[in-house]
Amino acid sequence: KEVKGAQRWLPLGPFTFQPSEFAKLTVVIYMAGYLVRQAREVREQWSGFFKPMGVLALVALLLLAEPDFGATVIVVATSFGMLFLAGMKITHFLSIVLLSPVVVGALVFAAPYRMQRLTSFTDPWADPYGSGFQLIQSLIAFGRGEWLGVGLGNSVQKLFYLPEAHTDFVFSIWAEETGFVGALAVILLFTALIARILWIARQAEAAGQLFGAYVCYGVALVFSGQAFVNMGMSAGLLPTKGLTLPFVSYGGTSLIICCCMLALVLRVGNELPAAAPRAAGKRGRS
């Protein structure tokens, strides 16, 4: 199904399904399994990096064909982050990080609309009724919110002034209605959520539950990456991208996948009390 020039949805009867959201979950699970099976190869050899990159490249090409550049960045960045947390050599990791801007730059220059978003981000007032319109309306929403906001339900910008006010720019509307205090509260809640997921990941890793630990790391990277990009984009700190704010933006597929990811984290956390004694017993016998 095509919406505004992008074919990112599959019709399923009366509903639509967004494959890019499902790709985030499947890539996290795939990478976690690979990192457990090939732990030594990942830590010592280049082949440990290149093998999963073949699968990742296929996923990235399919996402770019939609096109969905934002989801591609999240999937690739999450995979690199999981490789790093699994013990990938720092020299290997840095070489990939240094190469990444070249690849991203090439993808930006290859699509005129991406270049237009980049230029409008640097100076939205250069084209206030065209490419810069959405960002300007978002900044107006932040300005109207001031410290305590205009009150829940009293937003003016969501009344067809700010495009995608219920999805990509929902944080701007929240900032308008609840002000700086409300926006800061959302940031702190995301920080607490991600910190808790990372704590569960560390406990699972210490208990020898590496698959669960890597899944938690991947979920934390997806949540933190999407939240950072969405809120930064809404505030004019990053170029406009079509990424949802987890658990906040309107969108059935996004909400379902986020809940599935959180369910996996809760499952890992639920198994910790039983996993810790088993791991301790194994260490004692060795």
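Here the UniProt record's numbering is used: the first residue of the sequence shown is 1, the next is one more, and so on. Quick reminder that beta carbons are idealized off the backbone N, C-alpha and C, glycines included.
- prompt: For the beta strand (DSSP E) that residue 11 lies in, which residues bound it at each end?
  reply: To locate residue 11, count along the sequence shown from 1; it is residue 11. Residue 11: member of the beta strand (DSSP E) spanning 10-12, first to last residue.
message: Check for me: the alpha helix (DSSP H) holding residue 169 runs from which residue to which?
response: Locating residue 169 in the sequence shown gives position 169, counting from the first residue. Boundaries for residue 169: no alpha helix (DSSP H) harbours it, and the DSSP string shows neither H nor E there.
query: For residue 114 versus residue 69, is the C-beta spacing smaller than 8 Å?
result: Here residue 114 corresponds to residue number 114 of the sequence shown, with the count starting at 1. Here residue 69 corresponds to residue number 69 of the sequence shown, with the count starting at 1. Yes. Within cutoff.
message: If distances are taken between C-alpha atoms only, which option among 151, 193, 90 comes closest to residue 173?
response: Against the sequence shown, residue 173 aligns to sequence position 173. Nearest C-alpha to residue 173: 151.
Alpha carbon of residue 182 to alpha carbon of residue 189, nearest angstrom: Along the sequence shown, read from residue 1 onward, the residue named residue 182 stands at position 182. Along the sequence shown, read from residue 1 onward, the residue named residue 189 stands at position 189. If you take the alpha carbons of residue 182 and residue 189, they lie about 11 Å apart.
- prompt: Is the CB-CB distance between residue 250 and residue 178 below 8 Å?
  reply: Along the sequence shown, one-based indexing puts residue 250 at 250. Along the sequence shown, one-based indexing puts residue 178 at 178. The criterion of a C-beta distance shorter than 8 Å is not satisfied by residue 250 and residue 178.
field: Per DSSP, cross-strand counterpart(s) of residue 17
entry: Locating residue 17 in the sequence shown gives position 17, where the first residue counts as 1. Bridge partners of residue 17: 10.
- prompt: Is the beta carbon of residue 222 less than 8 Å from the beta carbon of residue 29?
  reply: Locating residue 222 in the sequence shown gives position 222, where the first residue counts as 1. Locating residue 29 in the sequence shown gives position 29, where the first residue counts as 1. Against a cut-off of 8 Å, the Cβ pair of residue 29 and residue 222 comes out as no contact.
query: Given that a residue counts as buried once 16 or more other Cβ atoms are within 10 Å of its Cβ, and exposed if not, what is residue 254?
result: On the sequence shown, position 254 is the one that residue 254 refers to. Result: buried.
message: Could you check whether the segment 184-204 touches the segment 11-30, counting it as contact only if at least three pairs of C-beta atoms, one from each stretch, sit closer than 8 Å?
response: Because the criterion of three Cβ pairs below 8 Å is not met, the segment 184-204 and the segment 11-30 do not touch.
message: Between the alpha carbons of residue 100 and residue 155, how many angstroms are there, rounded?
response: As a first step, residue 100 must be located in the sequence shown, where it is residue number 100. As a first step, residue 155 must be located in the sequence shown, where it is residue number 155. Between residue 100 and residue 155, the C-alpha separation is close to 39 Å.
field: Backbone secondary structure at residue 217 - three-state DSSP
entry: The residue given as residue 217 occupies position 217 in the sequence shown. In the displayed model, residue 217 falls within a helix according to three-state DSSP.
message: For residue 45, report the span of its alpha helix (DSSP H) as first-last.
response: The count along the sequence shown starts at 1 and reaches residue 45 at position 45. It is not in any alpha helix (DSSP H) - residue 45 carries neither H nor E in the DSSP assignment.
message: Tell me which residues share the same chain as residue 84 and place their Cβ nearer than 6 Å to its Cβ, disregarding the 5 neighbours each side in the sequence.
response: Stepping through the sequence shown from its first residue, residue 84 is reached at position 84. Residues 93 of the same chain have their beta carbon placed closer than 6 Å to that of residue 84, with the five preceding and five following residues left out of the count.
message: Using only the alpha-carbon positions, how far apart do residue 308 and residue 87 sit?
response: Lying before the first or after the last residue shown, residue 308 is absent from the chain, which here runs from 1 to 286.
field: Member of 116, 231, 148 whose CA lies at the smallest distance from the CA of residue 165
entry: Here residue 165 corresponds to residue number 165 of the sequence shown, with the count starting at 1. That would be 231, whose Cα lies nearest to the Cα of residue 165.
query: Where residue 247 and residue 258 are concerned, what is the direct C-alpha to C-alpha distance, given to the nearest angstrom?
result: Here residue 247 refers to the residue found at position 247 of the sequence shown. Here residue 258 refers to the residue found at position 258 of the sequence shown. When rounded, the distance between both Cα atoms is 7 Å.
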